[in-house]
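Undergrad: Can you keep this structure in mind? I'll have questions shortly.
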Amino acid sequence: MLSKSAARLFFLGGTAVFSLVFLALTIDTLRQIPKRSNAEDMTDAVKRGHDLWTFNNCMGCHTLLGEGAYYAPELTKVVERRGKPWIRIFLKDPEAMFPGRRKMINYGFNDGEIEDLLAFFEWVGRIDTNGFPPEPDLAEKIQATQVVTRQTTSDHKALPQPEMFRTICMSCHALGGKGGVVGPALDTVAAKYSRAQLDLWLKNPQEVKPGTSMPKLPMDDTVRRELVDFLLSYQGGNE
Amino acid sequence: MKYRSQKIAWLFFATSLVLLVLQVLYGFIMGFAHMGYDVFHEWIPFNTARAVHTNLLVVWLLSGFMGSAYWVIPEEAGRELVSPKLALVQWASFVLVGVVAVIGFHFNWWEGRKFLEIPRPLDYLVVVNVLLFIGLVGATAWQGRRFTTTGITLLLGLVSAALLYLPGMYHFDNQVHDSYFRWWVVHLWVEGVWELIMGALLSYLLIKLTGVDREIIEKWLYVIVGITFLSGILGTGHHYYYIGAPEYWLMIGGIFSALEPLAFLGMAIFAMAMMRKGGRRHPNRCALHWTIGCAVLSFVGAGFLGMAHTLPQVNLWTHGTLVTAMHGHLAFWGAYAMIVFAMIMYTMPEMTGRNCYTGWIPEWAFLTSNIGMLAMTGAFAVAGITQVYLERKVGMDFLDVQDAVQVHFLGLVLAAALFALGIALFVWNFISFGLPADDLKDEPDQTERQPLKEAVT
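Here the protein sequences come in this chain order: V and P.
Taking my numbering, I'd label the letters of the first sequence as residues -9 to 229.
Taking my numbering, I'd label the letters of the second sequence as residues 8 to 464.
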């Protein structure tokens, strides 16, 4: 039967051995981290962005590298997912993008701070994370089971999606079954509204429909025309 | 109570319970926010509630550990605490730092690093405070009449916990370094040295409550804390899978963290076996319930539910979702909250001379809090698994998924209400014990010397 001194030896010996192995692995990890995290790309902007991240306890709602709280989205690949223009608008006024839904504190970041945060997120997004966050592996299988006729009948007539549409509009509106569900789907807009109506709507939603949750997004005339052209060209699959 | 200075423990236990009640309240704020009723957004936004909730947990558990140490160390060492006055100073400064930190969180004064939100200037005060604490219990043990395994393990746990606070105080520019060393504190605390503290307290309680020979209990204590470190140290690797650390951590973290439940399983089997072996019917059944409950639920929460998502193949999908919250709640409750409750329940009758451990209040406190916590774990599990599938596997947008799981937070809040009822009963029970008395037990500890004499009845 095991004696007390043997048990003590097991505890002390095991602890010592595994502590040493852990320290050795830590030394090797520290050697590899600069390369895996592209430490040479950590500009002052990235560091300032990191400080903003910790100073405001963003981890208290969001996760980054999967670490933090689970109240707000995971942000490791946020620049890749949303694009910089979207994030700029969002950080200026978080409620603009998801009106009436879960709230983020409006920190009133200035343009410099927003660029610092973007630099930080962009740098984080390039860390070699061993494949986290993973690509949704069931998405394709689900789409494969759905009827695909809509896509094929509609897309050939439509103009290519403008950058603004892909990065900003789609986060709330859906088109061809893809996109957000905050605002209505845009498939049939061309059949319902005229060019002038759409133009006015995008210019100032509140004027057309006071109290709407559609934000007045900053865009110049060219972008607005692109959007209207695109929306009118899209026939939504309804002949 | 054998030594008058032991009653300083009461202050720490009372502090623990006050902070626990606050922790539960902040938990409700978060539960309601998840349900879509973020009504305190302007004053207590989610990240504040979250920082308060988790830091109060750490502070009240530490307060419970400190109280337990002030109780156990004099008894194990066989002498009065070296300086009860300094212990009082240590208590007051500990409370002060805790309160300042929690208030600071409401004014954006923090570090924004999960679990280690306490800002740097306060970190230094924590260090001074903990040094004072370690000095007091250390000197008491050093000048004591005897060294026991239980006492030494407890001290070793406390000293290591203090030392491991230090890596969390260094500022790194690189998020990967920051995260790497943050886990040195968080993981090596809760899945390492805190288990030493828990194991030592468990062994102290089992010696007192079951009457099994100290030598046997302490031998198994060594085996269990041995397994804890054998698996837990390299098990830190399960936090290094996806933060930018090398790929070999997938293998190392996977294998060793899969062994971590063994330590908890060991504790559960050990506690059950000692209870059977002892056969002594200590009148304080309630303390025994909390002790055995702690050993069993720590295995379920920390061991089993941890194992459920610790393998890298699973964790790739569950990492950073509500699944973690599911594991976290039952793990902390089972392993650490319940051991503190067991200590409170055992020491209060000794300290106050009142036997408020019978009757429906302590029984229902035990039942409702545990059933409530298990139900909360279930609600988190359903919400978490749904989130994993909709968000991670199917690729739905985060907020849409959150809308889809909102209903499970209604379940969570209801379960939490049951849990809170249990906590309220426990607190009421604590209050009804009253203040510590000055009577000392002069006779040698019967439970330890003559276990079999009373076993017959």
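Glycine included, every Cβ here is placed at the ideal spot set by N, Cα and C.
Below 6 angstroms CB to CB, which residues in the same chain sit around residue 213 of chain P once its five sequence neighbours on both sides are set aside?
TA: Around residue 213 of chain P: 224, 281.
Undergrad: Work out the CA separation of residue 155 of chain P and residue 82 of chain P for me, nearest whole Å.
TA: Whole-angstrom Cα-Cα distance: 10 angstroms.
Undergrad: Looking only at its chain, what residues have a beta carbon closer than 6 angstroms to the beta carbon of residue 160 of chain V, apart from the 5 residues adjacent to it on each side?
TA: Same-chain partners within the cutoff: 169.
Undergrad: Excluding the 5 residues preceding and the 5 following residue 354 of chain P in the sequence, name in chain order all residues of the same chain whose CB lies nearer than 7 angstroms to its CB.
TA: Excluding residues within five positions, the ones whose Cβ falls inside 7 angstroms are 16, 78.
Undergrad: Would you verify that the beta carbon of residue 117 of chain P is, or is not, closer than 7 angstroms to some beta carbon of chain V?
TA: At least one chain V Cβ lies under 7 angstroms of residue 117 of chain P.
Undergrad: In whole angstroms, what separates the C-alpha of residue 324 of chain P from that of residue 313 of chain P?
TA: Between residue 324 of chain P and residue 313 of chain P, the C-alpha separation is close to 14 angstroms.
Undergrad: I need the straight-line Cα distance from residue -2 of chain V to residue 437 of chain P, nearest angstrom please.
TA: Roughly 37 angstroms separates the two Cα atoms.
Undergrad: Is residue 253 of chain P close to chain V? Criterion is C-beta to C-beta, closer than 7 angstroms.
TA: Closer than 7 angstroms: yes.
Undergrad: CB-CB under 6 angstroms to residue 403 of chain P, same chain, minus the five flanking residues each way: which ones, in chain order?
TA: The residues are 397.
Undergrad: For the alpha helix (DSSP H) that residue -6 of chain V lies in, which residues bound it at each end?
TA: Where residue -6 of chain V is concerned, the enclosing alpha helix (DSSP H) stretches over -6 to 26.
Undergrad: Three or more beta-carbon pairs under 8 angstroms between the segment 94 to 105 of chain V and the segment 122 to 131 of chain V, yes or no?
TA: Contact fails: fewer than three Cβ-Cβ distances are below 8 angstroms.
Undergrad: Pick out whichever of P/215, P/217, P/207, P/167 has its Cα sitting closest to the Cα of residue 194 of chain P.
TA: When only C-alpha atoms are compared, the closest one is P/167.
Undergrad: Anything in the segment 22 to 35 of chain V with a Cβ closer than 9 angstroms to a Cβ of chain P? List those residues in chain order, please.
TA: Here the close residues are 22, 23, 24, 26, 27, 29, 32.
Undergrad: Decide if the segment 177 to 185 of chain V is in contact with the segment 214 to 222 of chain V; the criterion is three or more beta carbon pairs, one per stretch, under 8 angstroms apart.
TA: Touching, yes.
Undergrad: Give me whichever residues DSSP pairs with residue 54 of chain V in a beta bridge.
TA: Answer by DSSP bridge pairing, in chain order: V/57.
Undergrad: Whose C-alpha, out of P/46, P/72, P/359, P/364, is nearest the C-alpha of residue 204 of chain P?
TA: It is P/72 whose Cα lies nearest to the Cα of residue 204 of chain P.
Undergrad: Give me the DSSP bridge partner(s) of residue 165 of chain V.
TA: DSSP lists V/168 as partners of residue 165 of chain V.
Undergrad: Report yes if the C-beta distance between residue 227 of chain P and residue 271 of chain P is below 7 angstroms; otherwise report no.
TA: No, they are not a contact pair.
Undergrad: Along the chain, which unbroken stretches of the alpha helix (DSSP H) at least 4 residues long are found entirely within the segment 355 to 427 of chain P?
TA: Those alpha helix (DSSP H) runs which fall completely within the segment 355 to 427 of chain P and span 4+ residues are 367 to 394.
Undergrad: Is the shortest distance between the beta-carbon of residue 55 of chain V and the beta-carbons of chain P less than 7 angstroms?
TA: So, interface residue.
Undergrad: Identify whether residue 112 of chain V lies in helix, strand or coil by the three-state DSSP scheme.
TA: Reduced to three states, the DSSP call for residue 112 of chain V is helix.
Undergrad: Is it the case that the segment 315 to 332 of chain P contacts the segment 294 to 306 of chain P, given that we only count it when at least three CB pairs across the two stretches are under 8 angstroms?
TA: Result no; under three Cβ-Cβ pairs closer than 8 angstroms.
Undergrad: Pick helix, strand or coil for residue 153 of chain V, following the three-state DSSP scheme.
TA: The answer is helix: DSSP assigns residue 153 of chain V an H, G or I state.
Undergrad: If you draw a straight line from the alpha carbon of residue 413 of chain P to that of residue 183 of chain P, how long is it in whole angstroms?
TA: Residue 413 of chain P and residue 183 of chain P: Cα-Cα distance of roughly 32 angstroms.
Undergrad: In three-state DSSP terms, what is residue 143 of chain V?
TA: Caution applies to residue 143 of chain V, whose pLDDT of 47 falls short of 50 and renders its modelled position unreliable; the value that the coordinates give is listed next. Residue 143 of chain V: helix per DSSP, three-state reduction.
Undergrad: Looking at C-alpha atoms only, which residue of V/216, V/63, V/175, V/166 is the closest neighbour of residue 185 of chain V?
TA: Measuring from the Cα of residue 185 of chain V, the nearest candidate turns out to be V/216.
Undergrad: Taking C-beta pairs closer than 7 angstroms, name the residues in chain V that residue 240 of chain P reaches, listed in chain order.
TA: 8, 9, 12, listed in chain order.
Undergrad: Where do the N-terminal and C-terminal ends of the alpha helix (DSSP H) with residue 242 of chain P fall, by residue?
TA: That run of the alpha helix (DSSP H) goes 221 to 242.
Undergrad: Report yes if the CB atom of residue 237 of chain P is closer than 7 angstroms to the CB atom of residue 8 of chain V, and no otherwise.
TA: Taking 7 angstroms as the Cβ cut-off, residue 237 of chain P and residue 8 of chain V qualify as a contacting pair.
Undergrad: Please check if any C-beta of chain P sits within less than 7 angstroms of the C-beta of residue 90 of chain V.
TA: With 7 angstroms as the cut-off, residue 90 of chain V does not count as an interface residue toward chain P.
Undergrad: Which bits of chain V does residue 405 of chain P rub up against, with CB to CB less than 8 angstroms?
TA: 62, 63, 64, listed in chain order.
Undergrad: Is the beta carbon of residue 260 of chain P sitting closer than 7 angstroms to the one on residue 249 of chain P?
TA: Not in contact: residue 260 of chain P and residue 249 of chain P (Cβ atoms no closer than 7 angstroms).
Undergrad: Could you compute how far the alpha carbon of residue 144 of chain V sits from the alpha carbon of residue 166 of chain V?
TA: For residue 144 of chain V, the predicted structure reports a pLDDT of 47, less than 50, and the residue's modelled location is therefore unreliable. A value from the coordinates is still provided. About 8 angstroms.
Undergrad: Between the alpha carbons of residue 54 of chain V and residue 393 of chain P, how many angstroms are there, rounded?
TA: Roughly 20 angstroms between the two C-alpha positions.
Undergrad: Quick check on this structure: which residue in P/40, P/44, P/66, P/10 has the alpha carbon closest to the alpha carbon of residue 19 of chain P?
TA: Minimum Cα distance to residue 19 of chain P is reached at P/66.
Undergrad: Tell me whether the segment 14 to 26 of chain V and the segment 81 to 94 of chain V touch, counting them as touching only if at least three CB pairs, one residue from each stretch, are closer than 8 angstroms.
TA: Output reads no: the segment 81 to 94 of chain V does not touch the segment 14 to 26 of chain V.
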